[in-house]
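Down below is the structure, laid out as structure tokens.
Numbering (the numbering used here), first residue to last: 91 to 322.
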């Protein structure tokens, strides 16, 4: 996974609300194409007209935004199905950071597993950035370490990312990668646990765990008195 520390780039606006994962990449493309060939099909429904021609009204087709790596988007970006391929397609299209008022929950989580930085900002702040980006000249610097977005006029916008997810992006590690960083501790625990509970780890070991400490036996109840003999 690619690390993310600081990114300076032109900004492309895509301000429609509720752009879902099916708009980001169609399910047919995920079924037909290898994972590393999704980039050209990102936002296919927006970039192409029904007859297959490029949609000249879509900013993603404008040469002014060709090198943009920061996307400013509308509310509830990435809603819909849980397909991780939506994040893959965005990354392969060259985008490393998406700024929006709100994201679909699963999409938001998938971003951190793949090196895409999603930033939530107030709706009016995002709208202002989107408006400024329309002419293709807005450049921003996103500093994940500092939690700041800076532009050329000296203005600074702060943002917050959960500490663990921030670390994942800064170090270029997904959750499995972070776990493997602690592999010596994991292996040490497994060695100690194997000594303490071999029946858990070794199928050849006796299946029965050690018996519990011997308990004090219950006192034997007194024998009942014999029944009286019947009268003769």
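Don't be surprised by glycine CBs; every beta carbon is placed ideally from N, CA and C.
Subject >> Inter-stretch contact at 8 Å, needing at least 3 Cβ pairs: the region 227–237 / the region 252–263 >> reply: They touch, by the three-pair rule.
Original post:
Are the CB atoms of residue 114 and residue 132 nearer to each other than 8 Å?
Top reply: On the chain shown, residue 114 is found 24 positions in, with the first residue counted as 1. On the chain shown, residue 132 is found 42 positions in, with the first residue counted as 1. Their beta carbons are under 8 Å apart, which means residue 114 touches residue 132 by this criterion.
Original post:
Could you give the distance in angstroms between the alpha-carbon of residue 219 and the alpha-carbon of residue 162?
Top reply: As a first step, residue 219 is located in the chain shown; it is residue number 129 there, counting from the start. As a first step, residue 162 is located in the chain shown; it is residue number 72 there, counting from the start. The alpha-carbon atoms of residue 219 and residue 162 are separated by roughly 7 Å.
Subject >> Same chain only: Cβ atoms within 8 Å of residue 116, ignoring 5 sequence neighbours per side >> reply: As a working mapping, residue 116 is identified with position 26 in the chain shown. Short of 8 Å from the beta carbon of residue 116, and not among the five residues preceding or following it, lie these beta carbons of its own chain, in chain order: 131, 134, 135.
Original post:
Does at least one heavy atom of the ligand SAM sit under 7 Å from the Cβ of residue 214?
Top reply: In terms of ligand content, the structure shown is empty, and the ligand SAM therefore cannot be addressed.
Original post:
If you drop the 5 nearest sequence neighbours on each side, which residues of the same chain put their C-beta closer than 6 Å to that of residue 109?
Top reply: Along the chain shown, read from residue 1 onward, the residue named residue 109 stands at position 19. Here the set comprises 167.
**OP:** Within the region 193–232, note down every full alpha helix (DSSP H) run reaching 4 residues or more, in order along the chain.
**Re:** Unbroken alpha helix (DSSP H) stretches of 4 residues or longer found wholly inside the region 193–232: 195–204, 213–223, given in chain order.
**OP:** Could you round the C-beta distance between residue 178 and residue 128 to whole angstroms and report it? I think they count as a contact, below 8 Å.
**Re:** As a first step, residue 178 must be located in the chain shown, where it is residue number 88. As a first step, residue 128 must be located in the chain shown, where it is residue number 38. 5 Å between Cβ atoms; contact.
**OP:** Round the Cβ separation of residue 97 and residue 262 to the nearest angstrom and send it over; I've been treating them as touching at under 8 Å.
**Re:** The residue you call residue 97 lines up with position 7 of the chain shown. The residue you call residue 262 lines up with position 172 of the chain shown. The distance from the Cβ of residue 97 to that of residue 262 is about 14 Å, inconsistent with a contact at the 8 Å cut-off.
**OP:** Determine the burial state of residue 102: buried for a count of at least 16 other Cβ atoms within 10 Å of its Cβ, exposed for fewer.
**Re:** Working through the chain shown from its first residue, we reach residue 102 at position 12. Counting the other CB atoms within 10 Å of its CB gives residue 102 a total of 16 or more, which places it among the buried residues.
Original post:
Residue range of the alpha helix (DSSP H) that residue 273 falls in?
Top reply: Indexing the chain shown from 1 puts residue 273 at position 183. Its alpha helix (DSSP H) spans residues 273–286.
**OP:** Determine the direct distance from the alpha carbon of residue 283 to that of residue 99, and round the result to whole angstroms.
**Re:** Taking the chain shown and counting its residues from 1, one reaches residue 99 at position 9. Taking the chain shown and counting its residues from 1, one reaches residue 283 at position 193. In a straight line, the C-alpha of residue 99 is about 51 Å away from that of residue 283.
Original post:
Distance, Cα to Cα, residue 290 vs residue 269?
Top reply: For the purposes of this step, residue 290 is taken as the residue at position 200 of the chain shown. For the purposes of this step, residue 269 is taken as the residue at position 179 of the chain shown. Whole-angstrom Cα-Cα distance: 22 Å.
Original post:
How many Å lie between residue 148 and residue 111 at the Cα?
Top reply: Taking the chain shown and counting its residues from 1, the one referred to as residue 148 is at position 58. Taking the chain shown and counting its residues from 1, the one referred to as residue 111 is at position 21. Between residue 148 and residue 111, the C-alpha separation is close to 18 Å.
Subject >> Whole-angstrom C-beta distance between residue 211 and residue 249, which should lie under 8 Å >> reply: Position 159 of the chain shown holds residue 249. Position 121 of the chain shown holds residue 211. Contact holds; Cβ gap of about 6 Å.
Subject >> According to DSSP, residues forming a beta bridge with residue 98 >> reply: One-based indexing of the chain shown puts residue 98 at position 8. The partner list for residue 98 (beta bridge, DSSP) reads 231.
**OP:** Report the rounded CA-to-CA distance for residue 231 versus residue 157, giving the unit in angstroms.
**Re:** Counted from its first residue, the chain shown places residue 231 at position 141. Counted from its first residue, the chain shown places residue 157 at position 67. Distance between the alpha carbons of residue 231 and residue 157 is about 14 Å.
Original post:
Can you tell me whether residue 246 is buried or exposed, with buried defined as 16 or more other CB within 10 angstroms of its CB?
Top reply: Counted from its first residue, the chain shown places residue 246 at position 156. Residue 246 counts as exposed, since fewer than 16 other beta carbons sit within 10 angstroms of its beta carbon.
Original post:
Helix, strand or coil: which one does DSSP assign to residue 115?
Top reply: Residue mapping note: residue 115 aligns to position 25 of the chain shown, counting from 1. Collapsing the DSSP output to three states places residue 115 in coil.
Original post:
For residue 274, does the count of other Cβ atoms within 10 angstroms reach 16, so buried, or fall short, so exposed?
Top reply: On the chain shown, position 184 is the one that residue 274 refers to. Per the 10 Å Cβ criterion, exposed.
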